[in-house]
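Chains as they are written, first to last, in my numbering: chain A, 1 to 114; chain B, 115 to 228.
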Amino acid sequence: AQSVTQLGSHVSVSEGALVLLRCNYSSSVPPYLFWYVQYPNQGLQLLLKYTSAATLVKGINGFEAEFKKSETSFHLTKPSAHMSDAAEYFCAVAYGGGADGLTFGKGTHLIIQP
Amino acid sequence: EAGVAQSPRYKIIEKRQSVAFWCNPISGHATLYWYQQILGQGPKLLIQFQNNGVVDDSQLPKDRFSAERLKGVDSTLKIQPAKLEDSAVYLCASSLEGGRGAQYFGPGTRLLVL
């Protein structure tokens with residue numbers, strides 16, 4: 001069964017600092033990988049997705065993620081944090097074919113210190 | 115383009131009562147998903163529809179949960195009877211491309227079972 005591990009339930013960075021949110025997945029076949037962001041009392045918004053094209057994926061709001069097959073990782077980064085980035089971030093994996101619902105990690109709460 | 119619509123946004127019921135949630139996906143999206151998000155966790159897939167057929171309901175507690183998608187558009191998720199542990203946010207999502215494509219989420223229905 002596929003699974004997703006997000007290291008760190010809470011990550012705190014200073015405004016303007018690098019943001020790094022970690023995600024590792026378990027898979028025996030090439031997955032499709034996603035990062036979603038959730039603001040309080042809202043649904044999930046797609047940040048970016050990897051679907052076997054370029055390994056470095058650029059998303060919205062200045063975020064990007066790199067797919068590393070050898071490390072089974074898909075870490076999310078942003079060079080300079082902004083106060084508006086404070087939210088819950090979820091890494092998720094899916095597989096093409098019929099049953100392709102997302103399997104989510106437990107989430108990482110990003111805190112931005114002024 | 116209108117997003118995924120869900121109603122109601124909030125619902126409070128007592129245990130053993132029944133409740134129903136409604137979802138209207140993005141126009142033209144053949145795939146529809148229902149997820150359960152318990153506080154502090156990532157969403158968990160309950161059921162996936164392709165048009166009006168069920169593709170995956172392996173994680174749906176079928177003794178109390180049911181879902182349908184008549185005519186391949188709107189969907190309804192029902193819980194009968196509700197238990198305390200059903201308190202969660204129920205998210206509906208739709209997708210144009212299935213697993214390799216982005217899933218677009220509605221705002222969710224927050225259920226509290228007393």
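For each residue, glycine too, the CB sits at the ideal point set by N, CA and C.
Self-check item: Bridge-paired residues (DSSP) for Asp170 of chain B
Solution: B:Gln162
Practice problem: Tell me where the beta strand (DSSP E) around Tyr50 of chain A begins and ends. | Solution: 44–50
Quiz item: Which whole-angstrom value is the C-beta distance of Ile140 of chain B and Tyr218 of chain B, which I expect to be below 8 Å?
Solution: 6 Å
Self-check item: CA nearest to the CA of Ala87 of chain A, picked from A:Gly107, A:Leu7, A:Pro31
Solution: A:Gly107
Quiz item: Using a C-beta cutoff of 9 Å, does Asp170 of chain B count as contacting chain A?
Solution: yes
Self-check item: Contact set for Phe67 of chain A: own chain, Cβ-Cβ below 6 Å, skip 5 residues either direction
Solution: Tyr50, Thr55, Phe74
Quiz item: At which residue ranges does the stretch 175–225 of chain B contain complete alpha helix (DSSP H) runs of 4 or more residues, listed in the order of the chain?
Solution: none
Exercise. Name the residue from B:Phe135, B:Ile126, B:Arg178 whose alpha carbon lies nearest to the alpha carbon of Ser189 of chain B.
Key: B:Phe135
Practice problem: Find the residues of chain A that neighbour Ala216 of chain B, judging by a C-beta separation of less than 8 Å, and give them in chain order. | Solution: Phe34, Leu46, Lys49
Quiz item: With distances taken from CA atoms, which of B:Leu174, B:Gly186, B:Ala119, B:Arg183 is nearest Gln194 of chain B?
Solution: B:Leu174
Quiz item: Do you know how far the Cα of Ala53 of chain A is from the Cα of Ala202 of chain B?
Solution: 36 Å
Quiz prompt | Beta carbon proximity, Pro221 of chain B to chain A, threshold 9 Å | solution = yes
Practice problem: Out of B:Ser208, B:Val227, B:Pro221, state which residue places its alpha-carbon closest to the alpha-carbon of Val42 of chain A. | Solution: The identity of residue 42 of chain A in the sequence shown is Gln, whereas the question assumes Val. Comparing Cα positions, the closest option is B:Pro221.
Quiz item: Cβ of Leu102 of chain A less than 9 Å from any chain B Cβ?
Solution: yes
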